[in-house]
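Read through the structure below, which is laid out as structure tokens, and then see the notes.
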Amino acid sequence: MRNMTKLAGVAITAALALTAAGCGAGGSNSGDGAGSVYFLNFKPEVADVYSRIVEAYKAETGVEVRVVTAASGTYEQTLTSEVAKSNPPTIFQINGPVGYANWRDYTADLSGSDLYNHLTDKSLAVSTDDGVWGVPYVVEGYGIIYNDAIMKAYFALADKKVSISSTEQITSFDLLRQVVEDMTAHKADLGIQGVFSSTSLQPGEDWRWQTHLADVPFYYEFEDDDVDLTQGTPAEVRFSYGDQMGQLFDLYINNSTTDKGQLGSKTVDESMSEFATGQSAMVQNGNWGWAGVSGSAGNVVKAEDVHFLPLYIGAPGESAQGINIGTENYFAINSQVSEADQKASLDFLYWLFSSETGKAFVTNDLGFIAPFDTFAAGEGPSDPLAQEVIKWMGEDGVNSVPWSPFQVFPSQDWKNGFGADLLSYAQGKMDWDALEADVIATWKTQAAAAG
Amino acid sequence: MRVSTYIKKWFPVFALPTFLAFTLAFIVPFGMGIYLSFTSFRTVTDARWVGVSNYVTAFTENSDFLHALWFTVQFTVVSVVLVNVCAFALALLLTRAIKGTNIFRAIFFVPNLIGGIVLGYVWRLLINAILGKLFAQDITYSAAYGFWGLVVVVNWQMIGYMMIIYIAALQNVPGEVMEAADIDAAGFWAKLFHVTIPMVVSSITICTFLTLSNCLKLFDQNLALTNGAPQNETEGLALNIFRTFYNVRNHQGVGQAKAVVFFVFVAVIAYLQLRLTRSKEVEG
Amino acid sequence: MNTRQKTFNVIGFIALLLAAILWLVPLLLVVMNSFKGNLFISQSPFALPDSDSFMAADNYTSGVSRTGFFAAAGWSLFITTCSVALIVLLTSMAAWYIARVKAWYTSVLYYLFVFSMIVPFQMVMFTMSKVANTTHLDNPFGIIILYAGFGAGLSIFIFVGFIRSIPIDIEEAAMIDGANPWKVFFTVIFPILRPTAVTIAILNAMWIWNDYLLPVLVIGSEYKTIPIAVQQYMTGSYGQKDMGGFMAMLVLAIVPIVVFYLSGQKHIIKGVAAGAVKG
């Protein structure tokens, strides 16, 4: 017993001594005139790439960059806590106009920066009449990913009901529906459980529908109504393409690998693994989805077989509709840190996206499609879906659907409510009209709350 | 009294270090938290005074907060009773001369050793598999599934914890008392209520209080298992506050105000519970 | 022991056995799936690993190298051990003072500590990380003090409860012998408290070992504890989870804490067997 007490005493003395030492060591990385850089990274999957990048940057320029990565789903918490500290992040990320509205007291004007000047399409930036607050650093795209091996098997069937003979010829919702419904009829021949992977409606796993799919109807509505999205969230919406969105959603859940009553238990990961193991032919997701399944044991889908189809909902003129291309990842510079720190931060970012070393990291290791003119046409990542995104961007006579409509959705709370309604609809507890009414009503209240 | 006066002046040695750490880790942050509930803020350094408007918003904006309060109360009542009855029964069994008590104790305690998202995930798989087999449904289908699912998971996690405290208490009951009762040939239930329970009433206070406060604060399991589905019907208080904080724009102050209301609510209940069982202790 | 008691014990044993099996199902699922590939975990979580899905120790080896598991385990071990030692020592002393000194301020203190247990962490998390930053406690050493403060509530509450059940005459006798309070505490009180102290050590150890939010907000991800490392490297920004890796790291992470628990459990029983506790 006495030994135990002694041991405890020693441990505590040691702990206190170390604490004192720790205090002495802390808070030393400020001061020198060169400016320091602290980047709060949003993408955990590339955290180790960033540590190699800062090593390379230090080797080339001698400037130390500190990178801290927030775990998935904890970025806002980490940022909220870090920004209040004595050494706050100098570079952080906002997710679009809503993120800017939240952090407007902390975002510096980037309109004169090299990074912004080299942005290929200036309209992609988060800007207001007064300045530029967020510069996108990666372009992503989503749509319906299909496995061409299964599609070819279908089009080779002798008794197929459609007249077209390849997936590229699908250019409207009606054609998509004919193909999908006929494929469901031939499920056994094709060796699939369902045409579409599970429509994951588990709360927190429903963003592919309440955000990504919902982008399309609101895109058409805002186009019709000439809504200026740079002014932020419109006070009201009509959800005029709600029925069309419902058509595609119905197609998803009626031709799925999973029974409608059990969609609430499905996650995005499960949905992707159904696609990867060949149980489904199509899944709605973006180019980020491939990396997670391509190397996994059990994946039967070949890289050359994955392609995108646009999210056709049956809107007029949709044959010219492309896939949804945009970004939710914008760099912002903390306006509350010293001028020197802000400049050092911008220098680091510009180096990353313009120097040969930096660009090599961006395309090969980060796997980003970077929206800057410092990248030549051929300099893109090798991921097959990233290649597809680049292909769709350059397609003639096709207009990509931007991500800006969903970026003005009133709040996460609104999106969650939309997701809960979709789940109730799939479970047969709510009809589509009630869902539309709820979407419109909650938009109004949440947009008002956001002020 | 003599012991009291004897050690009274030793406050700096015995109580001060804990008090200082407590001040840093709790009292100051808590005080700042109360202040923030009367402000509009983005981070803790840019608060702007807005008076009681956050509190008004918390109650008037929609019915979710009150619904979450009610859900939490129901959940807490059911869980506190179940956890304590089961934990006490296990402790009774495991202080008897039964083979392998140590292994059993370890097994029942193990769920406590694991934290985090993975267990929520595993339980969700299990519950969904069962509901899928029986009704072709899943836990998001009905609020009742979510409620009882949470009860099961929380019992699974907390029973072992409370069991340990009950075991420690039962071990403290002197053998002579139990033997004396045996000689009296008191029936099992008579012995339980007249001998055993009065001897361990201080641990009952502790365990009820711990289950009570943990159930009221329920967050991780709520998030992992149902995340509020269907339609926020299974959203507990802590989850509601968390979502207000992050998911509604310009609502950090409202979230903080809800947290203060939550705290006051828990404090009142916990105080009443302590008063109630502590008075029993004196009688015992 | 009479026959009735024996039958009771047999029935009890069977009941315990059944309960124990049910108890272990979720844990066995974790262990089983930690040997399977990710796609197979999502597809058929209840299937035993077969020749296709079996990954041998791949999830373990890749998880260990990706998360820097051993470095993280080092920080976790350091923070947990020091915090628990500090909590047990400081709070048992404070609890004795609070339980034995009759004064208005000891009851105020007692209720303050108890109230701290019912405050949801979300309410103090940002302000706490700010305080930690201002006072330079935002490092793996300072966090020990924060844990001691934040964990004090539960520990004081349990200690006070047990100290109040110890008859005061033991202390009075020791004091009459002329021992100072310091000596009385360490030679008389602390030994009696040992089973409780072990219980408290276990409860705090598992909280601190598994804690994610407090360390991530206070010290950030520069010094990663196991939960931080696992969260960070096993998830992607679109919510993708490497479930195989998650489960493998979970299995590894519980080993030390299970060992600690088992050694602690022995002490609870030994303390009682040695007759240190008088009713």
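Residue numbers (the working numbering), protein chains in the order written: chain A, 1 to 451; chain B, 1001 to 1284; chain C, 2001 to 2279. Built from N, CA and C at the ideal position, the CB exists for glycine as well.
(message) Using DSSP's beta-bridge definition, name the partner residues of K2241(C).
(response) Locating residue 2241(C) in the third sequence gives position 241, counting from the first residue. K2241(C) pairs with T2235(C).
(request) Counting only the same chain and skipping the five closest in sequence on each side, list residues whose C-beta sits under 8 Å from that of S2129(C). (result) Mapped onto the third sequence, residue 2129(C) falls at position 129. Closer than 8 Å at the Cβ level, and outside the excluded window around S2129(C), lie D2138, L2217 and V2218.
(request) Determine the closest residue to C1086(B) out of G1031(B), A1021(B), L1150(B) and C1207(B), with distance taken between C-alpha atoms. (result) For the purposes of this step, residue 1086(B) is taken as residue 86 along the second sequence, with counting starting at 1. That would be C1207(B), whose Cα lies nearest to the Cα of C1086(B).
(request) Please go through the same chain and pick out, in chain order, the residues whose beta-carbon is closer than 8 Å to the beta-carbon of L2077(C), but skip the five residues on each side of it. (result) Position 77 of the third sequence holds residue 2077(C). Non-local beta-carbon contacts of L2077(C) in its own chain, meaning distances under 8 Å to residues more than five positions away in sequence, involve P2256 in chain order.
(request) Return the chain-ordered list of same chain residues with a C-beta closer than 7 Å to the C-beta of F2008(C), the five sequence neighbours on each side being excluded. (result) Within the third sequence, numbered from 1, the residue matching residue 2008(C) stands at position 8. None.
(request) Alpha carbon to alpha carbon, how far is G419(A) from K152(A)? Give it in angstroms, no decimals. (result) Here the question's residue 152(A) lines up with position 152 in the first sequence. Here the question's residue 419(A) lines up with position 419 in the first sequence. Taking the straight line from one Cα to the other gives about 34 Å.
(message) Counting only beta-carbon separations shorter than 7 Å, does Q427(A) have a partner in chain B?
(response) The sequence position of residue 427(A) within the first sequence is 427, counting from 1. Cβ-Cβ to chain B under 7 Å: yes for Q427(A).
(request) Just grab the DSSP bridge partners of G326(A) for me. (result) Counting from one through the first sequence, the residue named residue 326(A) turns up at place 326. Answer is E140(A), bridged to G326(A).
(request) Specify the secondary structure class of K1217(B) as computed by DSSP and reduced to three states. (result) The residue given as residue 1217(B) occupies position 217 in the second sequence. Reduced to three states, the DSSP call for K1217(B) is coil.
(request) Flag V135(A) as yes when its Cβ comes closer than 6 Å to any non-hydrogen atom of the ligand FMN, and as no otherwise. (result) For the ligand FMN, the structure offers nothing, since it holds no ligand at all.
(request) Could you please tell me which residues of the stretch 246-264 of chain A, in chain order, have their CB closer than 9 Å to any CB of chain B? (result) D259, G261, Q262, L263 and G264
(request) Taking only the alpha-carbon atoms, compute the straight-line gap between W432(A) and K415(A) and give it to the nearest angstrom. (result) Taking the first residue of the first sequence as 1, we reach residue 432(A) at position 432. Taking the first residue of the first sequence as 1, we reach residue 415(A) at position 415. Each residue's alpha carbon lies about 16 Å from the other.
(message) List, in chain order, every chain B residue whose beta-carbon is nearer than 7 Å to that of V83(A).
(response) To locate residue 83(A), count along the first sequence from 1; it is residue 83. Going along chain B in sequence order, the residues near V83(A) (Cβ under 7 Å) are T1043.
(message) So for V37(A), helix, strand or coil by DSSP?
(response) As a working mapping, residue 37(A) is identified with position 37 in the first sequence. Looking at V37(A) - three-state DSSP - the assignment turns out to be strand.
(request) Report the three-state DSSP secondary structure of T1196(B) (helix, strand or coil). (result) As a first step, residue 1196(B) must be located in the second sequence, where it is residue number 196. Three-state DSSP puts T1196(B) in a helix.
(request) Return the chain-ordered list of same chain residues with a C-beta closer than 7 Å to the C-beta of G1051(B), the five sequence neighbours on each side being excluded. (result) Translated into positions along the second sequence, residue 1051(B) becomes position 51. So the qualifying residues of the chain are F1038.
(message) I believe G2161(C) touches F1026(B) by the beta-carbon criterion, under 8 Å. Please report the beta-carbon distance rounded to the nearest angstrom.
(response) Your numbering for residue 2161(C) matches position 161 in the third sequence. Your numbering for residue 1026(B) matches position 26 in the second sequence. Incorrect: roughly 20 Å between the Cβ atoms, too far for contact.
(message) Considering only DSSP beta bridges, list what Y146(A) is partnered with.
(response) For the purposes of this step, residue 146(A) is taken as the residue at position 146 of the first sequence. The beta-bridge partner set that DSSP reports for Y146(A) consists of M282(A) and H307(A).
(request) Indicate whether at least one CB of chain C lies closer than 7 Å to the CB of F42(A). (result) Taking the first residue of the first sequence as 1, we reach residue 42(A) at position 42. Yes, because at least one Cβ of chain C sits closer than 7 Å to the Cβ of F42(A).
(request) Answer with buried or exposed for R1048(B), where buried requires no fewer than 16 other C-beta atoms within 10 angstroms of its C-beta. (result) Start at 1 with the first residue of the second sequence, and residue 1048(B) comes out as number 48. The residue is exposed, with fewer than 16 neighbouring Cβ atoms inside 10 Å.
(request) Using a threshold of 7 Å, state whether the C-beta atoms of K2183(C) and S1004(B) are closer than that. (result) To locate residue 2183(C), count along the third sequence from 1; it is residue 183. To locate residue 1004(B), count along the second sequence from 1; it is residue 4. For K2183(C) and S1004(B), no; Cβs fall outside 7 Å.
(request) Out of M183(A), Q202(A) and S113(A), state which residue places its alpha-carbon closest to the alpha-carbon of L423(A). (result) Along the first sequence, one-based indexing puts residue 423(A) at 423. Here the closest residue by C-alpha is Q202(A).
(message) One question on the structure: do I1034(B) and V1248(B) come within less than 7 Å of each other, judged by their Cβ atoms?
(response) For the purposes of this step, residue 1034(B) is taken as the residue at position 34 of the second sequence. For the purposes of this step, residue 1248(B) is taken as the residue at position 248 of the second sequence. No, they are not a contact pair.
(message) For A1021(B) and L2213(C), I'd like the C-alpha separation in whole angstroms.
(response) In the second sequence, counting from the first residue as 1, residue 1021(B) sits at position 21. In the third sequence, counting from the first residue as 1, residue 2213(C) sits at position 213. Approximately 19 Å, taken between the alpha carbons.
(message) Please identify, using Cβ separations under 9 Å, the residues of the stretch 1219-1234 of chain B that lie next to chain A, in order along the chain.
(response) L1223, T1226, N1227, G1228, A1229, P1230, Q1231 and N1232
(request) Flag this pair as yes or no: are the beta carbons of F361(A) and I53(A) separated by less than 7 Å? (result) Within the first sequence, numbered from 1, the residue matching residue 361(A) stands at position 361. Within the first sequence, numbered from 1, the residue matching residue 53(A) stands at position 53. Yes.
(message) Quick check on the DSSP output: the beta strand (DSSP E) that includes T128(A) runs from which residue to which?
(response) Here residue 128(A) refers to the residue found at position 128 when the first sequence is read from its first residue. First-last of the beta strand (DSSP E) with T128(A): V126 to T128.
(request) Hey, could you find the ends of the alpha helix (DSSP H) Q247(A) is sitting in? (result) One-based indexing of the first sequence puts residue 247(A) at position 247. Element bounds for Q247(A): G242 to N254.
(message) Could you check whether the Cβ of W1049(B) sits closer than 7 Å to any Cβ belonging to chain C?
(response) Taking the first residue of the second sequence as position 1, residue 1049(B) is located at position 49. Chain C contact via Cβ: absent.
(request) Jot down the residue ranges of each uninterrupted beta strand (DSSP E) in the stretch 60-110 of chain A, minimum 3 residues, whole runs only, in chain order. (result) 65-69 and 91-94
(message) Cβ closer than 8 Å: which chain C residues qualify as neighbours of A276(A)?
(response) Reading the first sequence from its first residue, position 276 is the one you call residue 276(A). Neighbours of A276(A) on chain C, chain order: L2039.
(message) 7 Å is my cut-off, CB to CB: does P1198(B) come that close to chain C?
(response) Here the question's residue 1198(B) lines up with position 198 in the second sequence. Among the CB atoms of chain C, none fall inside 7 Å of the CB of P1198(B).
(message) Relative to the C-alpha of P338(A), which candidate in N102(A), T107(A), W103(A) and V68(A) has its C-alpha closest?
(response) Here residue 338(A) is taken as the residue at index 338 of the first sequence, counted from 1. According to the sequence displayed, residue 338(A) carries Ser and not Pro. Of the listed residues, the one whose Cα sits closest to S338(A) is T107(A).
(request) Give the range of the beta strand (DSSP E) segment to which F196(A) is assigned. (result) The residue given as residue 196(A) occupies position 196 in the first sequence. Here the beta strand (DSSP E) through F196(A) covers G194 to F196.
(request) Under 8 Å by Cβ, that's how I've got V1153(B) and Q1221(B) pegged, so tell me the actual separation to the nearest angstrom. (result) On the second sequence, position 153 is the one that residue 1153(B) refers to. On the second sequence, position 221 is the one that residue 1221(B) refers to. Right, the Cβ-Cβ distance comes to about 5 Å (below 8 Å), so this counts as a contact.
(request) Have a look at M2243(C), F2260(C) and M2249(C) and flag the residue whose alpha-carbon is nearest the alpha-carbon of T267(A). (result) The residue given as residue 267(A) occupies position 267 in the first sequence. The candidate whose alpha carbon is nearest that of T267(A) is M2243(C).
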